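Chains as they are written, first to last, in our numbering: chain A, 1 to 144; chain B, 1001 to 1153. We put the CB at the ideal spot given by N, CA and C, even for glycine. Keep in mind that this is a model prediction, so the values were computed, not measured. Report on the structure given below.
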């Protein structure tokens, strides 16, 4: 394993992670729920739910985060290498997959592991493994 | 009040994703590329989030009500089945293809990235497809049972 020290950002990663943990803890203590993005978005797509307002508010907070961040510092650069066909298929797969496993990196990865949930540990190991395998296939086998 | 706290939680979560560098798919893919020039940052993001989050969930798990006095609604499902594993594997493939998962993609939309928007639209379409599949499966199951009530998780 070759660590690329030119791109590894341990301190901002830890700090950003701690901020994410604060958000998850706040949401658990005040709203009594798990801050799982796919579940929050997925729940918005079911008709006539009384909890649509808080779901929409959480999503609005996420979407407005860059604007708030930009008031204090310049936004870090983003590189999206994937072309549109890949983005569309990846998005659809992520949408279906996260609803079947009822969680994503936030719900299972951050919140589930924080709660020591065996179910979330299995989910996290599975999506990490699939992510590793997919990148290995695209970058090292097919060299896309 | 719960709407305001949900907004704040989303906002703080999104800022954490920006600070940690996870809004950038190139950085996520750098973590998933174990065989290449590996960027371990994502592991530290998870570590930092879990270190702080576990304190919050530890306290929340011992309470019957939230700080607002409403009931705790933390997940109680414990089943580990094929559905969980295959869904997770599917999600991981999509994650590895584009480097986006749901949270960072929504933040990228807010930062004005058209590609983030396209990913989110496709993701919502995928979730709607899931709803459609589940509804028709529930209908089929109900018809097979000869009962009118379909059940859903």
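Assumed close pair residue i, residue j - CB separation to whole angstroms, cut-off 8 Å
i	j	result
residue 129 of chain A	residue 1092 of chain B	7 Å
residue 1049 of chain B	residue 24 of chain A	7 Å
residue 32 of chain A	residue 1071 of chain B	6 Å
residue 16 of chain A	residue 103 of chain A	Actually they are not in contact, since the Cβ atoms of residue 16 of chain A and residue 103 of chain A sit about 20 Å apart, beyond 8 Å.
residue 1075 of chain B	residue 34 of chain A	6 Å
residue 1066 of chain B	residue 26 of chain A	About 11 Å; that fails the 8 Å criterion.
residue 1098 of chain B	residue 87 of chain A	5 Å
residue 1083 of chain B	residue 100 of chain A	6 Å
Candidates the options, of which the one nearest residue i by Cα
i	options	result
residue 1043 of chain B	B/1057, B/1127 and B/1027	B/1027
residue 21 of chain A	A/110, A/115 and A/43	A/110
residue 85 of chain A	B/1116, B/1073 and B/1053	B/1116
residue 6 of chain A	B/1038, B/1058 and B/1029	B/1038
residue 92 of chain A	B/1067, B/1122 and B/1079	B/1122
residue 57 of chain A	B/1006, B/1065 and B/1113	B/1006
residue 1011 of chain B	A/15, A/2, A/59 and A/43	A/59
residue 77 of chain A	B/1078, B/1113 and B/1079	B/1113
residue 1015 of chain B	A/137, A/143 and A/61	A/61
residue 1034 of chain B	A/82, A/135, A/81 and A/63	A/135
residue 132 of chain A	B/1090, B/1137 and B/1143	B/1090
residue 79 of chain A	B/1140, B/1085, B/1118 and B/1029	B/1029
residue 1009 of chain B	A/4, A/19 and A/12	A/19
residue 1081 of chain B	A/9, A/12, A/14 and A/118	A/118
residue 1058 of chain B	A/2, A/116 and A/137	A/116
Reduced DSSP category for residue i - H, G, I as helix; E, B as strand; rest coil
i	result
residue 1065 of chain B	strand
residue 31 of chain A	helix
residue 1153 of chain B	Annotation note: pLDDT 48 at residue 1153 of chain B (below 50); position unreliable, no value reported.
residue 139 of chain A	helix
residue 5 of chain A	coil
residue 53 of chain A	helix
residue 119 of chain A	helix
residue 1025 of chain B	helix
residue 46 of chain A	coil
residue 1135 of chain B	helix
residue 98 of chain A	helix
residue 1071 of chain B	strand
residue 1078 of chain B	coil
Residues near residue i in its chain [Cβ-Cβ closer than 6 Å; skip 5 each side]
i	result
residue 139 of chain A	none
residue 108 of chain A	120, 123 and 124
residue 1104 of chain B	1017, 1022 and 1023
residue 1101 of chain B	1095
residue 1153 of chain B	For residue 1153 of chain B, the predicted model reports a pLDDT of 48, less than 50, meaning its position is unreliable; a value from the coordinates is still stated below. Nothing listed; no residue qualifies.
residue 1128 of chain B	none
C-beta atoms of residue i and residue j nearer than 8 Å
i	j	result
residue 66 of chain A	residue 1018 of chain B	yes
residue 1053 of chain B	residue 114 of chain A	yes
residue 1107 of chain B	residue 54 of chain A	no
residue 97 of chain A	residue 1088 of chain B	yes
residue 95 of chain A	residue 1125 of chain B	yes
residue 1001 of chain B	residue 1068 of chain B	yes
residue 13 of chain A	residue 1085 of chain B	no
Close beta carbons around residue i, own chain, < 7 Å, minus the five adjacent residues each side
i	result
residue 1041 of chain B	1021, 1027 and 1031
residue 69 of chain A	75
residue 106 of chain A	35, 36 and 37
residue 1119 of chain B	1098, 1100 and 1105
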